[in-house]
Amino acid sequence: MVHGNPTWSFYYRNLIEALRGEYRTIAPDHIGCGRSDKPGDASYAYTLERRVEDLESLVASLKLEGPLTLVLHDWGGMIGMSFAVRNPHLVGRIVLLNTGAFSLPQTKKFPLPLKVARDSGVGAALVERLNAFSRTASRVCVTSPLSAEVRRAYEAPYDTPEHRIATLRFVQDIPLGPGDRAWELVKSTESRLGELVDRPIFIGWGYKDFVFDRHFLARWKEIYPQATYVEYPEAGHYVLEDRRKDLIPKIVEFIGSTDAWESK
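Numbering (full-length UniProt numbering), first residue to last: 1 to 264.
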């Protein structure tokens, strides 16, 4: 289970509980996120390429063999699907939740709040000094308000400016065109997504997501028209929170009822 920004493995807690006993579940925190170390730029490269390499290293160190089921949300989709096209022999099943693994759809305008955080000193200060990204996300990424306890849990890893480096670097690393350092990896991954079309794929989606919205969903439908789609018009970006009572049983059923693709 690969999380995005500015969440951490906590996002998957209810799905893990639903799967435990039947499956081994692994939900790492990216470097700089959750309970993982939060090094400075001098000792860690906060890039998409490094994130993919981290995931490959984790799988190798745990000696995981296919078929793996990837569960991917937000930036976890770009990381996880890059891993998948580079290691297709390990990937047996895919679950995608309000995410992308391709360049910004032509019909989609880059959201202004992300542009401010990505490209301005004021935005960077708000994210790094005031934890604006995590605090805002725990409120606007749901349509059913989270309890104060759950909001605090989402925000807890990012308690000091030094601990918010990853939430800022993730935004600054969003590739919008040639010349951005992650652009070539994104385009390479996008060009190979069709190679995974024979895997069982489940896509769960909340419409009320100002980033990963219907433009992204439409792109997924172009790439994987055969996938199982579960759509929630009134759910937000944190779809596992907003619709957990309906969505999680459907994911569990999908995993239990489909034969994972296996390398011949």
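Even for Gly, the Cβ is constructed at its ideal location relative to N, Cα and C.
As the structure is a computational prediction, the values presented were derived from the model and not from experiment.
For the set Asp74, Pro28 and Thr47, the Cα lying nearest the Cα of Leu58 is the one of Pro28.
When rounded, the separation of the alpha-carbon atoms in Val71 and Ala124 is 29 Å.
Counting only runs of 3 or more residues that sit fully inside the region 192-245, the beta strand (DSSP E) segments are 201-208 and 228-236, in chain order.
Under DSSP, Asp74 takes part in a beta bridge, and its partners are Thr99. In terms of Cβ geometry, Gly80 and Val2 form a close pair [threshold 9 Å]. Within the same chain, and ignoring the five residues on either side of Ala117 in sequence, the residues whose Cβ sits closer than 6 Å to its Cβ are Gly123, Val127 and Val171.
The beta carbon of Gly177 sits closer than 7 Å to the beta carbons of Trp183 from its chain, once the five residues preceding and following it are set aside; these are given in chain order. Gly123 carries a helical assignment under DSSP once its states are collapsed to helix, strand and coil. The beta carbons of Phe202 and Arg164 sit no closer together than 9 Å. A distance below 9 Å separates the beta carbons of Tyr44 and Ile31. If you draw a 10 Å sphere on the C-beta of Asp209, you find 16 or more other C-beta atoms in it, and that means buried. DSSP places Ile94 in the strand class (E or B) of the three-state scheme. Secondary structure note for Asp54: its alpha helix (DSSP H) is the uninterrupted segment Leu48 to Ser61. Remark: C-beta atoms of Pro157 and Arg35 approach each other more closely than 9 Å.
Within the DSSP secondary-structure output, Tyr23 pairs in a beta bridge with Arg20. With fewer than three CB-CB distances shorter than 8 Å, the region 140-150 does not count as touching the region 102-110. Taking a C-beta distance under 9 Å as the contact criterion, Gly4 and Asp54 do not qualify as a contact pair. Per DSSP, reduced to three states, the secondary structure at Leu68 is strand.
Of all alpha-carbon atoms in Leu48, Glu262, Ala260 and Ile248, the one lying nearest the alpha-carbon of Ile16 is that of Ile248.
For Glu149, the enclosing alpha helix (DSSP H) begins and ends at Ala148 to Glu155.
Scanning Glu241, Ser144 and Tyr207 for the CA closest to the CA of Tyr229 turns up Tyr207.
Per DSSP, the continuous alpha helix (DSSP H) segment holding Ala132 begins and ends at Ala132 to Val140. As the crow flies, the alpha-carbon of Val239 is around 7 Å from that of Trp205. The alpha-carbon separation between Gly66 and Leu90 amounts to approximately 4 Å. C-alpha of Leu114 to C-alpha of Thr136: approximately 12 Å in a straight line. Asn131 is positioned such that its CB atom lies closer than 9 Å to that of Glu155. Inter-residue distance for Ala260 and Ser144 is about 33 Å (C-alpha atoms, whole angstroms).
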